Every structure is written in C-alpha cells, then in structure tokens.
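Protein chains in written order, with our numbering: chain A, 28 to 251; chain B, 28 to 251. Glycine included, C-beta positions come from ideal geometry on N, C-alpha and C. The structure presented is a predicted model; accordingly, all values stated were derived computationally and were not measured.
Number of protein chains: 2
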Amino acid sequence: MQDAPNRPYHHGDLRRTVIETALDMLREEKGWQFTLREVARRAGVSHAAPYKHFPDKAALLAELAMIGFDRLRESLSAAKPTASNSLREEITTIARAYVAFGTENPALYRLMYSAEEGQAVGIHLNERALAVFDVLLEVLRRGQAAGSIRKRPIEGQAAAGWGLVHGMTMLAIDGLLVPEKVGSAPLDAALSTLVEGLGSPETLRAPAIRSARGPGRVKTFCFR
Amino acid sequence: MQDAPNRPYHHGDLRRTVIETALDMLREEKGWQFTLREVARRAGVSHAAPYKHFPDKAALLAELAMIGFDRLRESLSAAKPTASNSLREEITTIARAYVAFGTENPALYRLMYSAEEGQAVGIHLNERALAVFDVLLEVLRRGQAAGSIRKRPIEGQAAAGWGLVHGMTMLAIDGLLVPEKVGSAPLDAALSTLVEGLGSPETLRAPAIRSARGPGRVKTFCFR
DNA sequence: ATACATTGTTGACAGTGACTACTTAAGGGC
DNA sequence: GCCCTTAAGTAGTCACTGTCAACAATGTAT
Numbered sequence: 028m029q030d031a032p033n034r035p036y037h038h039g040d041l042r043r044t045v046i047e048t049a050l051d052m053l054r055e056e057k058g059w060q061f062t063l064r065e066v067a068r069r070a071g072v073s074h075a076a077p078y079k080h081f082p083d084k085a086a087l088l089a090e091l092a093m094i095g096f097d098r099l100r101e102s103l104s105a106a107k108p109t110a111s112n113s114l115r116e117e118i119t120t121i122a123r124a125y126v127a128f129g130t131e132n133p134a135l136y137r138l139m140y141s142a143e144e145g146q147a148v149g150i151h152l153n154e155r156a157l158a159v160f161d162v163l164l165e166v167l168r169r170g171q172a173a174g175s176i177r178k179r180p181i182e183g184q185a186a187a188g189w190g191l192v193h194g195m196t197m198l199a200i201d202g203l204l205v206p207e208k209v210g211s212a213p214l215d216a217a218l219s220t221l222v223e224g225l226g227s228p229e230t231l232r233a234p235a236i237r238s239a240r241g242p243g244r245v246k247t248f249c250f251r
Numbered sequence: 028m029q030d031a032p033n034r035p036y037h038h039g040d041l042r043r044t045v046i047e048t049a050l051d052m053l054r055e056e057k058g059w060q061f062t063l064r065e066v067a068r069r070a071g072v073s074h075a076a077p078y079k080h081f082p083d084k085a086a087l088l089a090e091l092a093m094i095g096f097d098r099l100r101e102s103l104s105a106a107k108p109t110a111s112n113s114l115r116e117e118i119t120t121i122a123r124a125y126v127a128f129g130t131e132n133p134a135l136y137r138l139m140y141s142a143e144e145g146q147a148v149g150i151h152l153n154e155r156a157l158a159v160f161d162v163l164l165e166v167l168r169r170g171q172a173a174g175s176i177r178k179r180p181i182e183g184q185a186a187a188g189w190g191l192v193h194g195m196t197m198l199a200i201d202g203l204l205v206p207e208k209v210g211s212a213p214l215d216a217a218l219s220t221l222v223e224g225l226g227s228p229e230t231l232r233a234p235a236i237r238s239a240r241g242p243g244r245v246k247t248f249c250f251r
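This is how it looks when you write it as structure tokens:
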C-alpha cells in the first residue's frame, strides 16, 4: 500500500509500521541490540521520524512489552481449550505454551520482564501482565474446587507455578537448558515435580506425566 | 596502598581495581547502564586504560559474571552448614540464600544469566555455573538416599528447583513480587509447593514450612 | 485560497565502544 | 653509571546511538 515508487512524504500509518518492524527485529534476536535508528532504517523512514509517534525509545519498548503480554495471554488461552483433559494435563499444556512463547520470542519476552522499561510505564503494563497471571489463577481455583489440587493458599501455588515457568523460560532463552526446543525433557520433568506438589494426594496415584516417567527420558542439563 | 597523593603512573593493580569498581557499579543498579568509560572514570584512570587489561567490554563482563557465580556458590555453601535440620528446611534455606543473593546483587545476577555475554566466554563460565548447580544436586541426592525425597529422576527435580528459584529471583529483581525483601511470603509459599512436590509421601505428614501455613500469612502478588 | 496543525526530513549535539598513535615509567643487560 | 626494550597510561579518531531543534511537505478547517 505504502510501496509507492517515490516514497510519499506522509507515510500513512507509521506508528503501526514502526511497531511491527520493531517486533520483527525483536523476533530475530541475533544478539541484536535494539536501535531506534535501525527501526527507522528498516521502516524506510528518516532516523527521527519515530519521535513523532513515540516520545522516546523507552515508550516504544513499553508499547512492545504490552503487546507482548497481550499475545502471551492469547497464546495461553488458545492452548487450554481442551478442558476435557485432566487438570494436570491442562497445567502442563499451559506451561508448555508459556515457555514456547518465551523461546519463540526471546527478546520480546526479556523485554516484557525488564524492570527498567516496566517502571516507566507503570499501570498499563501491570494490567496486561495481571491478565496473564489470571489465566494461571483460574486453573488453580478450578482445580482446588474440583479437589484435584491440594487445598493450600492459592497465592503460594500461583507463585510456584509462575516462578517455575518464568524461570524455565529464562533458562531456555539463555540457552542453559538442553538445546531441544520446548516440550523437551527438562521442562516436562520440572513440571512433573511441580504437579506433584500441586496435586492432591488422591490424584497423585495416577502415573506421572508421560515424558518424565522413565529415567532414561530425562536428559541431563547442558550448559553450552 | 595505591592511594598515593600524585597518582602513580603505574597503577600497581589496575586490573583488580577495575573489577572491584565495576562490581560496585553493578551493585548500585540505578537503572545504570554499564559503561567502560564510567568504570575508568571512577577508577580515576583514563578511558582507555582498562583495555590494557581486558580485550574488550565483553571480556570484563564475562569476568564479572564468573566472579558472580563463584560468590553465589559461596553464599549457598555458607547457608547450608546446619545439616542437622530436616532436608526440607535445608532446601528452603538454600533457596532463600539463592534468592537473597539475586536481590542483593540484581545487576550482577542478571549479567550472570545474560546469554550474550555467556556465549562469548563459553566453557569457563559453565564450570562456575555448574559448581552452583552441584550444590543443589548434592542436596537432592542426599535426600533421595535418605528417603525423604521422592524417588524420581534427579534431573527433573533439579530442573524444578533451579527453575523455580531462578524464576523467583528474576521476578523479585524486576520488582514483580511483593516489596518485602527475600524470605517474605511469596517465596516461602512457592517453596512450600515445591517441597511438597519433592518430598516423599511419608515426610509430607509433617506440617508445611511455617510461613506458608496459614492463608493469612501469604501476601498476594503486587505488580508495581 | 489561506492559515494552521500534523507528519516527515535534515542537521546538530553529547555520549559511547573500539581502536590507534603517542608518551612516560620501570626494569634488565652491560 | 648508561641505554634500550617493554609495559602502562594518555589523547585523539571513528562510527554509531538517542535526542532535539529547525525546516519542509502535506492535509485540513475556515
């Protein structure tokens, strides 16, 4: 649309173009260091043009982070429609989706959780992040109501779930887990332990989730 | 020693001075962005002097990261001498020490786990990091041998422990947990869930660790 | 049509990391 | 004692960044 032979002076929708270009760059993550000028360059626009839409670099990053939380929530919601499965499978499915999002958008995920930027935005970022957190809380509440999850303070269980999943995601992003992608052994093994901690005693009679069952299926860690 | 009134031409031990200055800066973490020139400035030395001791900025950062892993391992080792306690207490003690290290040295901890830098160093960093990991593995092995920890593939349990503790640390650093410092509710609550996942059924008869017992003691999360 | 607000461009500034040429101090062989 | 090699520190360049101010092109309301 804006591929006019002579670039028009007014770009039409530069704000959106800048955001999408930036998201593309974030997805590449070739040890890339995010640069406003590079964004402008790729968007085919002068180096200061983005300043007409974002007061500064931090504002753009904050916007990207919010979009990231939105997409993460969408990913999690999309991953859990098969509510017919057991709760333990539901939890592992959500957890896998979470880690997958992080490893597929490493730079974006890191940005979402970088304190500097978040501080600048304040409230709005929190709403989006809380929406993600709610997905987890909802599953736990349902599990406790159904009796398949231990009756414990739900905040503690949520802390364990969130902390574990966040930690595994960061480790995976930083390449500290086995090179195989998400869904591979270390994550499932860790989830198995988590689920055993969450599960009520009676549900634990059931066999542990599959990929973590036999000792041979759990790969050791691999620092690159 | 090198506090001579007229700065001596040869600094004596600039390498060490640079490292300690950098560690100081890392400890401050005022949204500070680490700059070689600032290090030189604080060390009272010209902006290119550090290049006589480190080939480039990444090399200095790598050195700092290695020191960080060493100190983390020391912290963990120092935190666990009371082996007379129950294993579950031992685990929570180590975990608290781990998170405390992270929150007390936020920038250093983040640096230790930043992929870019680690990639540059390669092997040496891994040795140090593995030494930290070994502290965790040792406790788990001991627990399995003593029967107080579930007989499961130890890598999975280690993944759970490491992932959880790393995740909680990062969340705390980024200010996403309740403002109270380490040892506060969310961490203990999460650890309680973890311990229930690790513990063998018979040991779980014992009451959960104290601060996560009553629902009232577990604070909710707090996005700033 | 004309004034105005919006959007994009250009040029400039200070600050950064990498790098190089220069200068000074320290120590060893004679 | 002297000279010379080498290590350590300094100054300055280069390319790049984020940011800002001035300017130009465009669209819009009157």
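Nearest-angstrom Cα separation, counted from B:V66 out to B:T48: Against the second sequence, residue 48 of chain B aligns to sequence position 21. Against the second sequence, residue 66 of chain B aligns to sequence position 39. Distance between the alpha carbons of B:T48 and B:V66 is about 6 Å.
Proximity to A:L63 [Cα-Cα], best of A:R43, A:E56, A:A85, A:R54: In the first sequence, the residue the question calls residue 63 of chain A occupies position 36. Considering only alpha carbons, the answer is A:A85.
Sequence-distant residues of the same chain with beta carbon closer than 6 Å to B:L114, five excluded per side: For this step, residue 114 of chain B is matched to residue 87 along the second sequence. Excluding positions up to five away in sequence, the list reads G170, S175.
Test: A:Y140 CB closer than 8 Å to a CB of chain B: Translated into the one-based positions of the first sequence, residue 140 of chain A becomes position 113. Output row for A:Y140: interface = yes.
Cβ shell of B:A76 (< 6 Å), same chain only, five flanking positions each side left out: Taking the first residue of the second sequence as 1, we reach residue 76 of chain B at position 49. Contacts found: A67.
Run of the alpha helix (DSSP H) containing A:Q60, from where it starts to where it stops: Translated into the one-based positions of the first sequence, residue 60 of chain A becomes position 33. Per DSSP, A:Q60 belongs to no alpha helix (DSSP H) and is neither H nor E.
Segment contact, 8 Å Cβ cut-off, at least three pairs: the region 128-137 of chain A with the region 86-101 of chain A: The region 128-137 of chain A makes contact with the region 86-101 of chain A: 3 or more CB pairs, one atom from each, lie closer than 8 Å.
Cα-Cα separation, A:G224 to A:G183: Counted from its first residue, the first sequence places residue 224 of chain A at position 197. Counted from its first residue, the first sequence places residue 183 of chain A at position 156. The straight-line gap from Cα to Cα measures roughly 11 Å.
Interface partners of A:M197 on chain B, CB under 8 Å: Translated into the one-based positions of the first sequence, residue 197 of chain A becomes position 170. Chain B residues near A:M197: Y140, H193, G194, M197.
Alpha-carbon spacing of A:L164 relative to B:S102, whole angstroms: Taking the first residue of the first sequence as position 1, residue 164 of chain A is located at position 137. Taking the first residue of the second sequence as position 1, residue 102 of chain B is located at position 75. When only Cα atoms are considered, A:L164 and B:S102 end up about 34 Å apart.
Chain A residues whose Cβ lies nearer than 9 Å to that of B:G174: As a working note, residue 174 of chain B is residue 147 in the second sequence. Ordered by position in chain A, no residue passes the 9 Å Cβ test against B:G174, which lies about 16 Å from the chain.
Anticipated Cβ contact below 8 Å, A:H80 with A:V45, distance rounded: Your numbering for residue 80 of chain A matches position 53 in the first sequence. Your numbering for residue 45 of chain A matches position 18 in the first sequence. Right, the Cβ-Cβ distance comes to about 6 Å (below 8 Å), so this counts as a contact.
Three-state secondary structure (DSSP) of B:N153: By one-based count along the second sequence, residue 153 of chain B stands at place 126. Correct three-state label for B:N153: helix.
Proximal chain A residues relative to B:S104, where beta-carbon distance stays under 9 Å: Along the second sequence, read from residue 1 onward, the residue named residue 104 of chain B stands at position 77. What B:S104 touches in chain A: nothing, since even the nearest Cβ is about 20 Å away.
Neighbouring residues, chain B, relative to A:G170 (Cβ below 8 Å): Reading the first sequence from its first residue, position 143 is the one you call residue 170 of chain A. By Cβ distance, chain B contributes nothing, its closest Cβ being about 13 Å from A:G170, past 8 Å.
Residue burial classification, B:G194 (beta-carbon count within 10 angstroms, cutoff 16): Stepping through the second sequence from its first residue, residue 194 of chain B is reached at position 167. The residue in question, B:G194, is buried, as its Cβ has 16 or more Cβ neighbours within 10 Å.
Below-8 Å beta-carbon distance, B:R127 vs any chain A residue: As a first step, residue 127 of chain B must be located in the second sequence, where it is residue number 100. Strictly speaking, residue 127 of chain B in this sequence is Ala, with Arg absent from that position. Answer no: the Cβ-Cβ gap between B:A127 and chain A never drops below 8 Å.
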